[in-house]
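*Asks:* All you need for this note's numbering is the position in the sequence shown, starting with 1, plus 131.
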Amino acid sequence: MAKVGIFYASAGGNTTLVAEALKEAYELEDDDCILMEDDFDSVEQFDNYDVLFVGSSTWGQGDVHFSWVDPLFEITSDNISFAGKKVAFFGAGDSKTHGEHFCSALGKFNQIFTKAGAQVIGFVDKEGYNYTASLAESGDKLCGLAIDNINEKEKTSERIENWIEQLQGEI
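#1: According to DSSP, simplified to helix, strand and coil, what is Asp101?
#2: What whole-angstrom Cβ distance do Gly248 and Ala214 have, given they're in contact under 8 Å?
#3: What distance in whole Å lies between the Cβ atoms of Gly259 and Ala305, which are believed to be in contact at a cut-off of 8 Å?
#4: Thinking Ala277 and Trp199 are a contact (beta carbons under 8 Å), I'd like their distance in whole angstroms, please.
#5: For Gln250, which residues of its own chain have a beta-carbon under 6 Å away from its beta-carbon, when the five flanking residues on both sides are left out?
#6: Taking the runs of the beta strand (DSSP E) that are 3 residues or longer, which of them lie wholly in the segment 263 to 292?
#7: Can you give me the C-alpha to C-alpha distance between Asp181 and Ile137, rounded to a whole angstrom?
#8: Name the residue from Asp209, Leu166, Ile281, Asp161 whose alpha carbon lies nearest to the alpha carbon of Phe244.
#9: Would you say Lys257 and Asp271 are within 9 Å of each other, going by their C-beta atoms?
#10: Ignoring anything shorter than 3 residues or poking outside the segment 150 to 189, list the beta strand (DSSP E) runs there in chain order.
#11: Do Ala264 and Phe221 come within 9 Å of each other at the CB atom, strictly closer than that value?
#12: Between the alpha carbons of Ser95 and Cys164, how many angstroms are there, rounded?
#13: By the 10 Å Cβ neighbour count, where 16 or more other Cβ atoms means buried, how is Asn241 classified, buried or exposed?
#14: Do you know offhand how far His196's Cα is from Phe184's?
#15: Identify the continuous beta strand (DSSP E) that holds Lys217 and give its terminal residues.
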């Protein structure tokens, strides 16, 4: 069975909701759930896993959480390879206040991890989302699970459950 690891950053706890659901669904140990601000030491931690669930809230002009900045720079500048790894992205955003950059952090992850050779899984239909623009868009899909627990809280649980079920078929 594939070894699964969760790497995530969350400011208000919304991205943590997804990380906790993934941890439960895949029956992961605490050591396999890396909160970027507290538990992340180096990009070598990614080597321990065949499947990575990578999460972040979106900040400012579509940026990843600040704790992801250095690791993503290191992945890019050191030409780290994710060949042979499956990666799925998740994150939280605010489709009304920041609808022009809704969950764009996922799109930035997608660019970096794809360039590094990862096989991206977990694309989600963008139907049912209401936002202006997003770097997470890939055709008629989003390149991962986007939740808006501020404006669409009633959709969050179902979106998470459906995504986890989808991932189980893609891993």
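Where a beta carbon is used, it is the ideal one built from N, C-alpha and C, also for glycine. None of these values were measured; they are calculated from a predicted model.
*Replies:* Per the coordinate set shown:
#1: Nothing about residue 101 can be reported from this structure: the residues present for the chain run from 132 to 302 only.
#2: Counting from 1 along the sequence shown, the entry for residue 248 is found at position 117. Counting from 1 along the sequence shown, the entry for residue 214 is found at position 83. Indeed, because the Cβ distance is near 4 Å, the residues count as touching under 8 Å.
#3: Nothing in the structure corresponds to residue 305, since the chain is present only between 132 and 302.
#4: Numbered from its first residue, the sequence shown carries residue 277 at position 146. Numbered from its first residue, the sequence shown carries residue 199 at position 68. Not confirmed; about 16 Å, so no contact.
#5: If you number the sequence shown from 1, residue 250 lands on position 119. Same-chain partners within the cutoff: Lys217.
#6: As far as the segment 263 to 292 is concerned, its whole beta strand (DSSP E) runs of at least 3 residues are 275 to 278.
#7: Here residue 181 refers to the residue found at position 50 when the sequence shown is read from its first residue. Here residue 137 refers to the residue found at position 6 when the sequence shown is read from its first residue. Put simply, the backbone Cα of Asp181 is about 11 Å away from that of Ile137.
#8: Position 113 of the sequence shown, counting from 1, holds the residue named residue 244. Selected option, being the one with the closest Cα: Asp209.
#9: Looking up residue 257 in the sequence shown gives position 126. Looking up residue 271 in the sequence shown gives position 140. It is a contact, given that the beta carbons lie within the stated cut-off.
#10: Listed in chain order, they are 164 to 166, 182 to 187.
#11: Within the sequence shown, the letter at position 90 stands for residue 221. Within the sequence shown, the letter at position 133 stands for residue 264. No, the Cβ-Cβ distance between Phe221 and Ala264 is not below 9 Å.
#12: In the structure as shown, the chain begins at 132 and stops at 302. Residue 95 is therefore absent and cannot be evaluated.
#13: To locate residue 241, count along the sequence shown from 1; it is residue 110. With 16 or more other Cβ atoms within 10 Å, it is buried.
#14: Within the sequence shown, residue 196 is the residue found at index 65, counting from 1. Within the sequence shown, residue 184 is the residue found at index 53, counting from 1. Rounded to the nearest angstrom, the two C-alpha atoms are 15 Å apart.
#15: Here residue 217 refers to the residue found at position 86 when the sequence shown is read from its first residue. Start and end: 217 to 223.
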